[in-house]
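Worksheet: one structure, shown below.
Residue numbers (this note's numbering), protein chains in the order written: chain H, 11 to 330; chain D, 11 to 330.
What follows is the structure, encoded as structure tokens:
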């Protein structure tokens, strides 16, 4: 193969991580820049060009890059555009694939960050060999990448897989950043867990380690630490969160009957604290024909690796 | 082509309809038998053999049948089995594909009735040319056939697409035949509409044409007739039903972002009475990125044709 490497770029709200990857999924080298440093997208791409070119030259792979794959919030696989995004500092729409491809003279394919993570997990992680699975990213928001028949589901417009925005509470649901109420994301993201903590602390009167932290500053990490420390209220917050996730997963399974649902992202690091209530809730809520069939797994990839590797796998698809 | 015909068989709770179909989807001839006449599956298949063989001989296509496709409740594409089914008179599990294939000496492929209808719609109906759509069958129950990237979604176990059993009411939901509560099917099937009618008539006091019918005997057809006759309460029942369907469709769209959702089955014949509240509700409940993108369509196929044609299309896949 004359061009045996690909580049994966993961554009997050804070950092942009990029790496050079070979056909076996080995990351030769990687580096990162700050995403929000430049208010003009052109300046951002200029810095990305300088840093990535340096990485490519240092590693002796000039003219050996088959393609560039990018995972970014709201990025559309079909159009190469970011149409609308609250988590990035630049005005939208952004013709991201074209901008990067023109700068580097290398073909570029883009998709959203959760899809990139799903591709990474399928290619290099716990989803290897699975043809039907759902990746759920539990971070600041709740994202998803759905794989059916071994293919990522993009839908007719490239925006499929917004499972953070199925409605879990149809009456008096929490406000969601999407402008609606009751979305899964409003309850089961890292910020959703912090909101639950504030609600529980206000409504309930029992003592809790969390009462040592100013209400407005509580994070999901604080809840995790308290739960690990044996705090009953903090554990109840994980039970509440896992219960809703289990209800949601029971619905997802009626749709695509996946072999596994894979959890990824900051909150997934809570491990059994979250997994146990999810499994209990799923078991209680699942349609009998699916009972006990779908595994709930934790991603085995480091967060940054999954996104960069997933994005890089897209680089093999890239065509001029 | 030495064997230029296929046979499609639609096994319903009441009737079994079968037909001989050519590669262009023309039904050469069709006939039917009563499904529940025989309490032993072997006797049923004997009668099917006699009647279908007669049809094949009469039409001069002996030795010209490439394969047989069957649509039946709970039929599993992967295993060829019906594991469990309340709507058929025979003990389960039934190795349906093997039984029919051994009897006829012709390869057989089976799938559930909603999937067969989706294949029929994709091959011969309003879904021609669509690569991403969801077929929703509104009959005695609520079924679904999901097509993504031009392929039917079977899931890892062959049972994907049970969208009648997503949960629409998480608190105090109606009992569903599946043993759980709050399922879409409990509200939006023909029987669900009749249940809504009984609830409305008991709770509300206004006059209604439906009050002329004994409460226990009201059907969705009665509600339709009353609504067409201008009955306010009957129209409210359709609004209530359509509102829940619109909420459900908004969730389905976050999953696979289909180009269209296609309604099929008895209740779909209600036309605008049901379509308008669905569209209003969908518009109100949809995530903004999907707004106005997914068409809600009515099937263009006759109910029996869609199932037989869809099942017959599976016949082309059949291999020994």
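Just so you know, even glycine gets a beta-carbon here, dropped at the ideal spot from N, CA and C. These numbers come from a predicted model, not from an experiment.
Nearest to residue i (by Cα), restricted to the options the options
i	options	result
residue 234 of chain H	H:207, H:217, H:257	H:207
residue 143 of chain H	H:259, H:122, H:53, H:191	H:259
residue 79 of chain D	D:69, D:118, D:53	D:118
residue 183 of chain H	H:137, H:146, H:254, H:116	H:254
residue 229 of chain H	H:209, H:216, H:240	H:209
residue 270 of chain H	D:159, D:93, D:167	D:167
residue 26 of chain D	D:48, D:231, D:16	D:48
residue 287 of chain D	D:220, D:311, D:245	D:245
residue 137 of chain D	D:327, D:292, D:274	D:274
residue 180 of chain H	D:257, D:267, D:42	D:257
residue 277 of chain D	D:149, D:161, D:307	D:149
residue 12 of chain H	H:22, H:77, H:307	H:77
residue 135 of chain H	H:325, H:310, H:323	H:310
residue 349 of chain D	D:268, D:327, D:201, D:237	No answer is possible for residue 349 of chain D: the residues shown for chain D start at 11 and end at 330.
residue 69 of chain D	D:32, D:105, D:304, D:240	D:32
residue 308 of chain D	D:237, D:205, D:227, D:283	D:283
residue 306 of chain H	H:312, H:292, H:313, H:299	H:292
residue 121 of chain H	H:34, H:35, H:164	H:164
residue 294 of chain H	D:90, D:189, D:51	D:189
Residue i burial status per 10 Å Cβ neighbour count (16 or more: buried)
i	result
residue 108 of chain H	exposed
residue 185 of chain H	exposed
residue 54 of chain D	buried
residue 128 of chain H	buried
residue 88 of chain D	exposed
residue 225 of chain H	exposed
residue 251 of chain H	buried
residue 176 of chain H	buried
residue 75 of chain D	buried
residue 215 of chain H	exposed
residue 247 of chain D	buried
residue 315 of chain H	buried
residue 213 of chain H	exposed
residue 313 of chain D	buried
residue 86 of chain D	buried
residue 56 of chain D	exposed
residue 222 of chain D	exposed
residue 157 of chain H	buried
residue 20 of chain H	buried
residue 50 of chain D	exposed
residue 147 of chain D	buried
Residue i (DSSP reduced to helix, strand or coil)
i	result
residue 136 of chain H	coil
residue 307 of chain D	strand
residue 198 of chain D	helix
residue 289 of chain D	helix
residue 20 of chain H	strand
residue 317 of chain D	helix
residue 295 of chain H	helix
residue 203 of chain H	helix
residue 147 of chain H	strand
residue 153 of chain H	strand
residue 174 of chain D	helix
residue 40 of chain H	strand
residue 169 of chain H	coil
residue 325 of chain D	helix
Cβ shell of residue i (< 6 Å), same chain only, five flanking positions each side left out
i	result
residue 191 of chain H	183, 185
residue 151 of chain H	174, 195, 199
residue 29 of chain H	18, 37, 40, 318
residue 169 of chain D	none
residue 160 of chain D	141
residue 116 of chain H	75, 78
residue 280 of chain H	234
residue 218 of chain H	241, 243
residue 204 of chain H	228, 229, 230
Same chain, Cβ closer than 8 Å to residue i, five either side skipped, listed in chain order
i	result
residue 59 of chain H	113, 114
residue 297 of chain D	260, 263, 264
residue 71 of chain H	15, 30, 38
Own chain residues within Cβ distance below 7 Å of residue i, not counting five before or after
i	result
residue 102 of chain D	92, 93, 94, 95
residue 145 of chain D	124, 127, 128, 131, 154, 155, 272, 274
At which residue ranges does the region 207–279 of chain D contain complete alpha helix (DSSP H) runs of 4 or more residues, listed in the order of the chain? Runs found: 230–238, 242–266.
Let me know the alpha helix (DSSP H) ranges lying completely inside the region 47–130 of chain D, each 4 residues or longer, listed in chain order. Taking only runs of at least 4 residues, the alpha helix (DSSP H) segments lying wholly in the region 47–130 of chain D are 51–68, 106–114.
Check distances from the C-beta atoms of the region 157–184 of chain D to those of chain C and list, in chain order, the residues that come in under 9 Å. The structure shown contains no chain C; the protein chains it does contain are H and D.
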